[in-house]
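Everything below concerns the one structure shown next.
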Amino acid sequence: MNKTRGLKGVVVASFVLALFDEGDAADLIHGRDIALRWCSQCHVVTSSQIIGSDSVPTFAQISESKRVDETQLSNFLADPQHSRMPNLALTRAEIADLTAYIKAQHR
Ligand code: HEC
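Positions in the sequence shown are counted from 1; adding 60 to them yields our numbering.
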């Protein structure tokens with residue numbers, strides 16, 4: 061019900077996870093966190109998000125695309141050349157978390 065509290069829960073959970081899980085395998089909660097912060101002004105990044113930019117693929121669409129696998133996703137995010145996508149200078153860990161999160165958006 062309370063949106064602010066739900067969001068705080070996610071932030072706290074990812075903080076706690078980060079403490080115990082540092083340097084470990086990709087972290088979906090962290091990926092979602094980054095996506096909401098850095099990607100959601102253009103992309104629709106969750107199934108509950110209503111508004112994104114026109115003609116920008118949603119994360120669900122990207123995830124369902126046969127053309128895009130994990131390797132291509134991470135390469136693209138590391139260096140989005142020849143694209144209307146901005147280069148967001150993400151770290152390796154951020155890219156791994158985002159890739160895992162995007163892949164999990166498959167419906
Ligand atoms: C300023 C707007 C903007 C932001 C912010 C943005 N994107 Fe994009 N993104 C785009 C556009 C526009 C495209 C389509 C690129 C094209 O077709 O040339 C795109 C394409 C992509 C693609 C490629 C899809 C495909 O089919 O090849 C991926 C993956 C992607 N974005 C991930 C992300 C992630 C992850 C973030 C956050 C870290 C992000 N984007 C932030 C505008 C944005």
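Think of the CB as a built atom: it goes at the ideal place given N, C-alpha and C, for glycine as much as any other residue.
Per DSSP, the unbroken alpha helix (DSSP H) holding S123 starts and ends at F119 to E124. Proximity of the stretch 131-141 to the stretch 152-164 meets the contact definition, three or more beta-carbon pairs being nearer than 8 Å. Between ligand 1 and H90, a heavy atom-to-CB distance of less than 7 Å is absent.
Excluding five sequence positions before and after Q101, none of the CB atoms of its chain fall closer than 6 Å to its own CB. Around the Cβ of L133, a 10 Å sphere holds 16 or more other Cβ atoms; the residue is buried. Taking Y161 as the centre and dropping the five residues before and after it, the same chain places the C-beta of L88, G91, R92 and A95 closer than 7 Å to its C-beta, in chain order. With a cut-off of 7 Å, the C-beta of S143 is classified as near ligand 1, since at least one heavy atom of the ligand falls inside that distance. Collapsing the DSSP output to three states places L150 in coil.
A check of alpha carbon separations from S115 across E124, T131 and V104 identifies V104 as the nearest.
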